[in-house]
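Structure first, commentary second.
Chains as they are written, first to last, in my numbering: chain A, 1187 to 1482; chain B, 1187 to 1482.
This is the structure we're talking about:
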């Protein structure tokens, strides 16, 4: 299969869906909707929604209700980027090659746009007109995955741990703990949501979860490597920022080559968990390979 | 009935429940959990959870699953206060007589504590161990009410409209629009959630909604009046801040006595919507009366 074509097609599906459910910029409160759309359509790769869709299809799912479920993950991811970029947090001026949300709309609006995107994620997954045909019990389970993956012992907790680790001489276990929460839990939720929505068996959900945990770590290691090796043009943001901030990363512990090797091992392990899934899981396998091959 | 006793008992039920589900301060990430607990247990009256419980009981509900549903509203309310108080928003130092969250924990942690509380609201309402016995279809409908009431065309949208109206010469219709979103939508959601969880008929939900819209407006008018007439001790925060900020409020348009009269009319209208509900709705009626009689 052609993973680039798959990614492009699914990205378009997700973008089209998101555009159809996001209020237009002219609808009041107009400035809020402008700020929400600005970051939501700033060129994201839609990795999390695509993981959810690929997991859904891997277990045989084929209904359009996967789109609101999958897209909710992008709303959560986008809100987290807006809040992470704030002056009180990472104080970043650029994201994906564009000015960050608060640089364009001001701090108050950026905080509120983040809050509204987070809330809209839960709106999407509970809308009766959009999630049509999924049994309500599975729907509640999807919502639980989304909340647990992005909250105090998920993504938000990981951001706290990341802030607290900055500038400190942390060990590898602490670094892994930060990543497992900050990026790992939402990736895990993405894949599990796809499985649950596709009526996967408990055994299948377990294997998808193991796959997700492996690619979550590989994703983060690859990000750390890209921060060292990527250019500003490739990344769409400043390069080598971790080192200049004195942040410990995988390349700090293992060097760039050692970190790359670790990521490759995780990808191989992820793919091994999918042995019993057959050809429908090919996109999931290719996605795992893509994670370490990407340039941004 | 003794409304004060009712309020005190339900407040204790909600507080006990919230304490049981909130991670202890020692659980990592400890600073996040400390910040979340700090604002959550800062002496809130639990008006929204109690409205949900009272509406639930008014339609005959009697299961403990109402507690996670009702308490989720307090998590949303608390997060909104933390974010509203931030330097980029209202820049308030005190709330309920205590230092605001960011004054104690710093701005980054206050933003994240708000994010985590918002997310935890959706965690609570989707947890299978807590929401036990409610049919999943109603559970999804409850989640939809919660999301719609607190998002871009609900509470967050109202905060945006409020910020944009500040210092401007707005008319009464704009003022009412701000309130209908900023406080009205979550109060409306509270009452509707109680009704939906209690398997209310469509007609009952409509009447509860009309009741909620009336008391939502009465609540805001009473708040505006208290801002003029209350003391720092009674309010637990600075008094007369609206006037010093040049903010237009109900007393600006109608004077204190005129505003009080308007609030009383709304309370009477709210109670009239409950005519068919019988004695089980007595707490809802007393709650409506309490809104304009309270001192903080």
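For every residue, glycine included, the Cβ atom is placed at its ideal position computed from N, Cα and C.
Taken through DSSP and simplified to helix, strand or coil, residue 1272 (chain A) comes out as coil. Proximity of chain A to residue 1346 (chain B) at the Cβ level (cut-off 8 Å) is accounted for by 1215, 1217, 1218, 1295 and 1298, in chain order.
Rounded to the nearest whole angstrom, the CA to CA distance from residue 1304 (chain A) to residue 1261 (chain A) is 6 Å. Taking a C-beta cut-off of 7 Å against chain B, the contacting residues of the stretch 1323-1335 of chain A are 1323, 1325, 1326, 1329, 1330, 1333 and 1334, listed in chain order. Taking a beta-carbon distance threshold of 7 Å, residue 1455 (chain A) does not count as an interface residue toward chain B. Within its own chain, the residues whose Cβ lies closer than 7 Å to the Cβ of residue 1431 (chain A), once the five positions on either side in sequence are excluded, are 1352, listed in chain order.
Annotated as proximal: residue 1255 (chain B) and residue 1328 (chain B), with beta-carbon spacing under 7 Å.
In this structure, residue 1244 (chain B) places its C-beta atom within 7 Å of the C-beta atom of residue 1467 (chain B).
The C-beta distance from residue 1190 (chain B) to residue 1239 (chain B) rounds to 16 Å, too long to fall under 8 Å, and the pair is not in contact. Your pair residue 1377 (chain B) and residue 1241 (chain B) checks out as a contact, with CB atoms roughly 5 Å apart and the cut at 8 Å.
Interface criterion met: the Cβ of residue 1337 (chain A) is under 7 Å from a Cβ in chain B. In this structure, residue 1257 (chain A) lies near residue 1203 (chain A), with their beta-carbon atoms less than 7 Å apart.
Minimum Cα-Cα distance from residue 1301 (chain B) among the listed residues B:1312, B:1313 and B:1287 corresponds to B:1287. By a beta-carbon distance limit of 8 Å, residue 1383 (chain B) contacts residue 1324 (chain B). Their separation comes to about 6 Å. Fully enclosed alpha helix (DSSP H) runs of no fewer than 4 residues occupy 1233-1244 of the stretch 1226-1258 of chain B, in order along the chain.
Ranking B:1400, B:1481 and B:1362 by CA distance to the CA of residue 1413 (chain B) puts B:1481 first. Out of B:1390, B:1434, B:1453 and B:1357, the CA that lies nearest to the CA of residue 1399 (chain B) is found in B:1453. In this structure, residue 1341 (chain B) sits near residue 1266 (chain B), with a CB-CB distance shorter than 7 Å.
Restricting attention to B:1282, B:1451, B:1312 and B:1217, the CA atom closest to the CA of residue 1419 (chain B) is found in B:1282.
Looking at the backbone, the Cα of residue 1316 (chain A) and that of residue 1199 (chain A) are separated by about 15 Å.
Cβ contact annotation for residue 1436 (chain B) (same chain, cutoff 6 Å, sequence separation greater than five): 1407, 1410 and 1445, in chain order.
Taking 7 Å as the cut-off, the beta carbon of residue 1373 (chain A) is found no closer than this to the beta carbon of residue 1474 (chain A).
Annotation: Cβ neighbours of residue 1342 (chain B) in chain A (cutoff 8 Å, chain order): 1218, 1298, 1301, 1302 and 1305. Within the same chain, Cβ atoms closer than 7 Å to the Cβ of residue 1234 (chain A) are found at 1259, 1260, 1263, 1372, 1373 and 1376, the five residues on either side in sequence being excluded.
Bounds of the alpha helix (DSSP H) holding residue 1381 (chain A) are 1371-1383. Between residue 1205 (chain A) and chain B, the shortest Cβ-Cβ separation is not below 7 Å.
When Cβ-Cβ separations below 7 Å define contact, residue 1275 (chain B) makes contact with chain A. The Cβ neighbour count for residue 1187 (chain A), taken over all protein chains shown within 10 Å, is under 16; the residue is labelled exposed.
Nearest in C-alpha terms to residue 1277 (chain B), of all of A:1379, A:1247, A:1293 and A:1278, is A:1293. For residue 1281 (chain B), the pairing in a beta bridge is given by DSSP as B:1284.
Assigned with DSSP and collapsed to three states, residue 1342 (chain B) falls in helix. When the five nearest sequence neighbours on each side are left out, the beta carbons in the same chain lying within less than 8 Å of the beta carbon of residue 1211 (chain B) are those of 1219, 1220 and 1223, in order along the chain. Look at residue 1269 (chain B): its C-beta is under 7 Å from a C-beta on chain A.
Put simply, of A:1313, A:1361 and A:1448 the residue whose alpha carbon is nearest the alpha carbon of residue 1251 (chain A) is A:1313. Where residue 1477 (chain B) is concerned, the enclosing alpha helix (DSSP H) starts and stops at 1468-1479. DSSP places residue 1337 (chain B) outside both helix and strand once states are collapsed to three, so it counts as coil.
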